[in-house]
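Peer 1:
Numbering (the working numbering), first residue to last: 1199 to 1490.
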């Protein structure tokens, strides 16, 4: 007899037996318990407003949510999805994006060396997929640009940065993007050291709060520098992704060529996401408006 476990919608897969946590009167499906037969059903569950559902789990001892073992399994699943020729490029991009979001969310909850190492592997898989498959690259960029409900800022910016960097440096330097990819995906990891109420404040920050918020760059540098498995460029991205060419950025006030090139790529993606994301105090721009 299977056991029911709570599973975020972004982790759902075709073939899972799910139970929606609501009466059939409050969702568009014929019944609350059913087997997922298509990607379209997963999208429909998401559009119905569910952030999680119950899944029938056959194992006696499911792995603890957010554990390194579970994240490793998700990382392996990402590789499998990327290699699954039965899925279209948009389907692969959407599935991989959701799995990456699950990993990054867990790392922000527990930035242990083991979890950061798994996130690093996920980022490198994304970079290799973007370098090797133009269709996946375009689909991943599209998902990153337009999905605002489910996935966090870090995943959107990370995926966009990987796509931008790959296009910028070209195929001959794709290995450089792969080494930098963990820094793109974890560029905001320093925020785990900041007060929760500050990160979720609904409104503009005071001058004092802004100074505290700026510490996430140096905290991110500290966290990623401690990971010997990561290329040093990853820590530089975390430190410098808010620097600006005219010297007005932070935390060091660097200018032009003083800034790590991949940090500048991350900065472009970061600003694009900020302009196109809803804020309580500002209406978001459409993607083409932000590009202008």
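We treat Cβ as the ideally placed atom computed from N, Cα and C, and that holds for glycine.
All values derive from a computational prediction rather than experimental measurement.
(1) For residue 1474, count the other beta carbons within 10 Å of its own beta carbon; 16 or more makes it buried, fewer makes it exposed. Which is it?
(2) Quick one: using the 10 Å Cβ neighbour count with 16 as the cut-off for buried, is residue 1299 buried or exposed?
(3) Name the residue from 1297, 1286, 1288 whose alpha carbon lies nearest to the alpha carbon of residue 1277.
(4) In its own chain, which residues sit with a C-beta less than 8 angstroms from the C-beta of residue 1293, not counting the 5 before and 5 after it?
(5) Using the Cα positions of residue 1213 and residue 1230, report the straight-line distance between them to the nearest angstrom.
(6) Which residue marks the beginning of the alpha helix (DSSP H) containing residue 1241, and which one marks its end?
(7) If you compare alpha carbons, which of 1247, 1307, 1288, 1254 is closest to residue 1216?
(8) Buried or exposed: which applies to residue 1140, given that a residue is buried once 16 or more other Cβ atoms fall within 10 Å of its Cβ?
(9) Classify residue 1208: buried if its beta carbon has 16 or more other beta carbons within 10 angstroms, exposed otherwise.
(10) Identify the continuous alpha helix (DSSP H) that holds residue 1391 and give its terminal residues.
(11) Looking only at its own chain, which residues have a Cβ that is under 6 angstroms from the Cβ of residue 1372, when we skip the five neighbours before and after it?
(12) Suppose the cutoff is 7 angstroms on Cβ atoms and the five residues either side in sequence are ignored; what does the same chain contact list for residue 1379 look like?
(13) Would you tell me roughly how many angstroms separate the C-alpha atoms of residue 1312 and residue 1471, rounded to the nearest one?
(14) Is DSSP giving residue 1215 helix, strand or coil here?
(15) Let me make sure I understand the geometry here. Which of 1288, 1452, 1318, 1291 has the alpha-carbon closest to that of residue 1301?
(16) Return yes when the Cβ of residue 1331 is within less than 8 angstroms of the Cβ of residue 1363, no when it is not.
(17) Measure the C-alpha to C-alpha separation of residue 1218 and residue 1245 and round it to an integer number of angstroms.
(18) Using only CA atoms, which one of 1303, 1377, 1275 lies nearest to residue 1351?
(19) Do residue 1449 and residue 1412 have their beta-carbon atoms positioned less than 8 angstroms apart in this structure?
(20) Please state whether DSSP places residue 1382 in a helix, a strand or coil.
(21) Which of the three DSSP states is assigned to residue 1281 in this structure?
(22) Expressed to the nearest angstrom, what Euclidean distance is found between the alpha-carbon atoms of residue 1366 and residue 1393?
(23) Going by Cα to Cα distance, which pick from 1241, 1249, 1305 is closest to residue 1169?
Peer 2: Concretely, from the data shown:
(1) buried
(2) buried
(3) 1297
(4) 1211, 1237, 1279, 1285
(5) 16 angstroms
(6) 1237-1245
(7) 1254
(8) The structure shown has nothing for residue 1140, since the chain only spans 1199 to 1490.
(9) buried
(10) No alpha helix (DSSP H) holds residue 1391; DSSP gives it neither H nor E.
(11) 1329
(12) 1321, 1322, 1324, 1325, 1360
(13) 28 angstroms
(14) strand
(15) 1318
(16) no
(17) 13 angstroms
(18) 1303
(19) yes
(20) helix
(21) coil
(22) 36 angstroms
(23) Since the displayed the chain opens at 1199 and closes at 1490, residue 1169 lies outside it and no answer follows.
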